[in-house]
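Shown next, in structure tokens, is the structure this report addresses.
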Amino acid sequence: DSGVTQTPKHLITATGQRVTLRCSPRSGDLSVYWYQQSLDQGLQFLIHYYNGEERAKGNILERFSAQQFPDLHSELNLSSLELGDSALYFCASSVGSGRFSYNEQFFGPGTRLTVL
Amino acid sequence: GENVEQHPSTLSVQEGDSAVIKCTYSDSASNYFPWYKQELGKGPQLIIDIRSNVGEKKDQRIAVTLNKTAKHFSLHITETQPEDSAVYFCAASNNDMRFGAGTRLTVKP
Numbered sequence: 001d002s003g004v005t006q007t008p009k010h011l012i013t014a015t016g017q018r019v020t021l022r023c024s025p026r027s028g029d030l031s032v033y034w035y036q037q038s039l040d041q042g043l044q045f046l047i048h049y050y051n052g053e054e055r056a057k058g059n060i061l062e063r064f065s066a067q068q069f070p071d072l073h074s075e076l077n078l079s080s081l082e083l084g085d086s087a088l089y090f091c092a093s094s095v096g097s098g099r100f101s102y103n104e105q106f107f108g109p110g111t112r113l114t115v116l
Numbered sequence: 001g002e003n004v005e006q007h008p009s010t011l012s013v014q015e016g017d018s019a020v021i022k023c024t025y026s027d028s029a030s031n032y033f034p035w036y037k038q039e040l041g042k043g044p045q046l047i048i049d050i051r052s053n054v055g056e057k058k059d060q061r062i063a064v065t066l067n068k069t070a071k072h073f074s075l076h077i078t079e080t081q082p083e084d085s086a087v088y089f090c091a092a093s094n095n096d097m098r099f100g101a102g103t104r105l106t107v108k109p
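Which chain is which? The protein sequence lines are C and R, in order. Residues 1 to 116 (our numbering) are what the first sequence spells out, left to right. Residues 1 to 109 (our numbering) are what the second sequence spells out, left to right.
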């Protein structure tokens, strides 16, 4: 158990809908990272938050957004869902000084999103 | 941006044999290279990492080597066991963490 929690574990929804994925980092970790894992794209970095502020953006679509709250939990919002958004979504946390380098990341168990 | 290529995509070995997975990266500024193991239904778990000022690192049966000049790094698993069967990902990081496509390792008893 990495200490990172994600809810829900599974989510099934329809095209055009909006969903929110939640992540709680390990105790003491200030950074949260979101990743998308699909069969044909591997692990794709989406976005990184450190202590409530956005620090880096990867391949995140404009239909997706995230935030990190004062208690350090994070939410990933996915809107106008398409079939191709079906994937595993992982969050990871690290103690992090706000930069990727040298920061061991601990991954949560993931949320499996199915868009029908 | 960074581009990480990983080979092979699948690898099957007999228990007790060694397994080697190789990755190349494109951004010479990358300075942190972790390896993750992902078992079915679980999130990736860090198994070993190496920083750009080190050429080799070993932890029991697992070792990683880094060649900065050639921009490639490798994971070596010796005396493989069935429980080593999983998908392994390499990654390279400067400001962004970029992952390889993964290698599905199967260790046959």
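All C-beta atoms in this analysis are idealised placements derived from N, C-alpha and C, irrespective of residue type, glycine included.
Beta-carbon proximity list for residue i, same chain, < 6 Å, skipping 5 on both sides
i	result
C:His73	Ser24
C:Leu88	Gln37, Gly110 and Arg112
R:His116	This structure leaves residue 116 of chain R out entirely; chain R is present only between 1 and 109.
R:Lys57	Ile50 and Val64
R:Glu5	Thr24
Proximal residues of chain R, C-beta to C-beta of residue i below 8 Å
i	result
C:Ser2	Gly43 and Gln45
C:Phe45	Asp96, Met97, Arg98 and Phe99
C:Phe90	Gly43 and Pro44
Cβ neighbour criterion (16 or more within 10 Å) applied to residue i
i	result
R:Ala29	exposed
C:Gln68	buried
R:Glu79	exposed
R:Arg98	buried
C:Gln17	exposed
R:Asp17	exposed
C:Leu81	buried
R:Glu15	exposed
R:Lys37	buried
C:Ser31	buried
C:Gly108	buried
As assigned by DSSP and simplified to three states, the class of residue i
i	result
C:Asp85	helix
R:Asp84	helix
C:Gly58	coil
C:Glu53	strand
R:Val54	coil
C:Asp1	coil
C:Val95	coil
Contacts of residue i in chain C (Cβ-Cβ under 7 Å)
i	result
R:Ala101	Gly42
R:Phe33	Simply none; closest approach about 10 Å.
Neighbourhood of residue i by C-beta, 8 Å cutoff - its chain only, sequence neighbours within 5 removed
i	result
C:Arg26	Ser2, Gly3, Val4, Ser93 and Phe106
C:Thr15	Leu81, Glu82, Leu83, Val115 and Leu116
R:Val54	Leu66
R:Ser9	Ala101, Gly102, Thr103 and Arg104
C:Ser86	Ser38, Leu113, Thr114 and Val115
Partner residues on chain C for residue i, Cβ-Cβ distance less than 9 Å
i	result
R:Phe73	Here the premise fails: no neighbours, minimum Cβ distance about 15 Å.
Contact list for residue i against chain C, beta-carbon separation under 8 Å
i	result
R:Asp49	Glu104
7 Å Cβ shell around residue i - same chain, five flanking residues per side excluded
i	result
C:Ile12	Thr114 and Leu116
R:Arg131	Because chain R here runs from 1 to 109, residue 131 of chain R falls outside it and cannot be looked at.
C:Pro8	Thr111
R:Gln81	Glu15 and Val107
R:Ala19	Leu11, Val13, Ile77, Thr80 and Leu105
Test item: CB-CB of residue i and residue j under 8 Å
i	j	result
R:Phe73	R:Ile50	yes
R:Ala92	R:Tyr25	yes
C:Leu78	C:Phe64	yes
R:Thr103	R:Ser85	no
R:Leu75	R:Val87	no
C:Gly28	C:Val95	yes
C:Thr20	C:Glu104	no
C:Leu43	C:Gly58	no
R:Asn94	R:Asn3	no
Amino acids of chain R, ordered along the chain, whose beta-carbon sits closer than 7 Å to that of residue i
i	result
C:Gly139	Because chain C here runs from 1 to 116, residue 139 of chain C falls outside it and cannot be looked at.
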